[in-house]
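> Here it is, the structure in full.
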Amino acid sequence: MRSKNNSCLIALTMGTIFLFMVVFYGATNLHPSSGVKLKTDFQISGKQLYKLDISWPKYSEHFTGQVFGVAVNHLAGLVYVAQRGDNVPKVLVFSTDGDFLQAWNTTTLEMPHGIFLANASSNPSIWITDVGNGPYGHTIKQYSPSGKLMQTLGSAGKAGSAVNPLQFDQPAEIFVHSSGEIYIVDGDGGMNNRLIKLSKDLQILWMHGEKGQGLAQFYIPHSVAVDNYQRVWVADRGNKRIQVFNSVTGDWLGSWGSCFTEDAPYSVRLTHDQKYMVVAQLNTNQVSLLEAPPVGIIGQCQVVSTIQLAEDVKPHLVDIDLKTGALYVAEIGAMQAQKFTPLTLGSNVM
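Numbering (the numbering used here), first residue to last: 44 to 393.
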């Protein structure tokens, strides 16, 4: 009888341990609902401003290529994810709640790099930079929300530096202001190192286009954003710095380099409250939040918080939900996009 009781006790104990391991493993390593493992390990240093939303997306098996960019329509609650690879849909569309909605299998897009959602309040469209070398590459394309090609900037399949007609060589990213004015960084390692501002009717208003390390010179300008204070922020990747310009005149206002001694800035986006600049650093697998300076003052860069992602995640470009403040990160190495939600009150993390 004693032996039988011991056997029952052992079986009960082992069953309890097994159940605990299943629950623990599922909570920490498996993506909810899908059972597909994602790279979700991260650490935060400095002020804790965001937390990972492990429930987004609900089914991660839709990520089948290298995820290069992400764009949010905050009014419609939609997230557009650009990915590249052979025989994979180039754009995936999710809801901000994590539901998969549709995919674009367009043949007009070769190698997406940057993606931007414009005119969310009236007539939304999605702009995508194409760095491909085929017949559709070296262009910037405007699509409808359902994936219909609306217009193409640049000479498809032809790399160039001309301004009339406008040509690109591996254009990295585009930012469309609410005024309709367009800001473009061109290119992602090609012959051009340019920041271009276009009017609403696609006329060049001003441009900086010289390669170098000097003021208003670039080496692989990789990302661009405009704040609420008439300032244009450019991730000058090859020079490991961010440069800042007056959005109206194009005048150089300053630069930040001291925060990027280990790795270059790959992205620039302002949080929805304009308090922080969000910067992805691909090689060190970090997403950093820098204190955004007040109007008229650039000063020195100051890192407020750092999200240290898992090894080989390789964050590339980011976007912000302007309604909720959620941060979406496109991750090339992990072949996924992740959502971080803002905390109401930031707390210091050791």
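Note that beta-carbon positions come from the ideal geometry of N, C-alpha and C, so glycine has one too. Bear in mind the structure is a predicted one, so any value in this text is a computation, not a measurement.
Buried or exposed: where does Leu360 fall if 16 or more other Cβ atoms within 10 Å of its Cβ makes it buried?
That one is buried.
> Buried or exposed: Glu354, going by 16 or more other Cβ atoms within 10 Å of its Cβ?
exposed
> Out of Asp84, Leu118 and Val131, point me to the one whose CA is closest to Glu104's CA.
Val131
> Here's a check: name, in chain order, each residue in its chain whose Cβ is nearer than 7 angstroms to the Cβ of Ser76, leaving out the five neighbours to either side.
With a pLDDT of 41 at Ser76, under the threshold of 50, the modelled position of this residue cannot be trusted; read the value that follows with caution. So the qualifying residues of the chain are Lys101 and Tyr102.
> Which residue wins for smallest C-alpha separation from Gly281, given the options His251, Met320, Gly232 and Thr384?
Gly232
> Hey, Gly157 and Ala215 are a contact pair by Cβ (cut 8 angstroms); roughly how many whole angstroms apart?
The pair is a contact, with the Cβ atoms about 6 angstroms apart (cut-off 8 angstroms).
> Between Trp295, Ala259 and Trp170, which lies nearest to Arg274 when the distance is taken from Cα to Cα?
Trp295
> Note down, one range per segment and in chain order, each beta strand (DSSP E) of at least 3 residues found wholly within the region 267–304.
274–279, 284–289 and 295–299
> Just checking my contact of Ile225 with Thr172 at CB under 8 angstroms: how many whole Å lie between their CB atoms?
Between Thr172 and Ile225 the Cβ distance is about 12 angstroms, and since that is not below 8 angstroms, they are no contact.
> Is Thr150 buried or exposed, if buried means 16 or more other CB atoms sit within 10 Å of its CB?
exposed
> In chain order, what are the residue ranges of uninterrupted beta strand (DSSP E) at least 3 long that sit wholly in the region 294–361?
295–299, 319–324, 329–334 and 346–352
> Short of 6 angstroms in beta carbon distance, which residues of its chain neighbour Ala377, apart from the five on each side in sequence? Order them along the chain.
So the list reads Lys82 and Val356, once near-sequence residues are dropped.
> Can you give the beta carbon distance from His315 to Leu365, rounded, assuming they're within the 8 angstroms contact cut?
5 angstroms
> Can you name the start and end residues of the beta strand (DSSP E) that Pro155 belongs to?
Note, Pro155: beta strand (DSSP E), Pro155 to Ala161.
> When DSSP builds the beta bridges, which residues end up paired with Ala380?
Ala373
> Assuming Gly223 and Lys243 form a contact by the criterion Cβ under 8 angstroms, report the distance between their Cβ atoms to the nearest whole angstrom.
3 angstroms
> Can you list, in chain order, the residues of its chain with a C-beta nearer than 8 angstroms to that of Leu245? Leave out the 5 residues immediately preceding and following it.
Leu196, Leu209 and Ile225
> Taking the beta carbon of Phe303 as the centre, do at least 16 other beta carbons fall within 10 Å, making it buried, or is it exposed?
Residue environment: Phe303 is assigned as buried (16 or more neighbouring CB atoms within 10 Å of its CB, all protein chains considered).
> To which residues of the same chain is His220 closer than 6 angstroms at the C-beta, ignoring the five residues directly before and after it?
Val269
> Val347 to Lys318, Cα distance in whole Å?
11 angstroms
> Less than 8 angstroms between the beta carbons of Trp249 and Gly297, yes or no?
Against a cut-off of 8 angstroms, the Cβ pair of Gly297 and Trp249 comes out as no contact.
> CA-CA distance, Val291 and Asn271?
12 angstroms
> Could you round the C-beta distance between Phe111 and Ala125 to whole angstroms and report it? I think they count as a contact, below 8 angstroms.
5 angstroms
> Nearest-angstrom Cα distance between Lys240 and Lys133?
For Lys240 and Lys133, the distance between alpha carbons rounds to 27 angstroms.
> Between the alpha carbons of Ala119 and Gln329, how many angstroms are there, rounded?
29 angstroms
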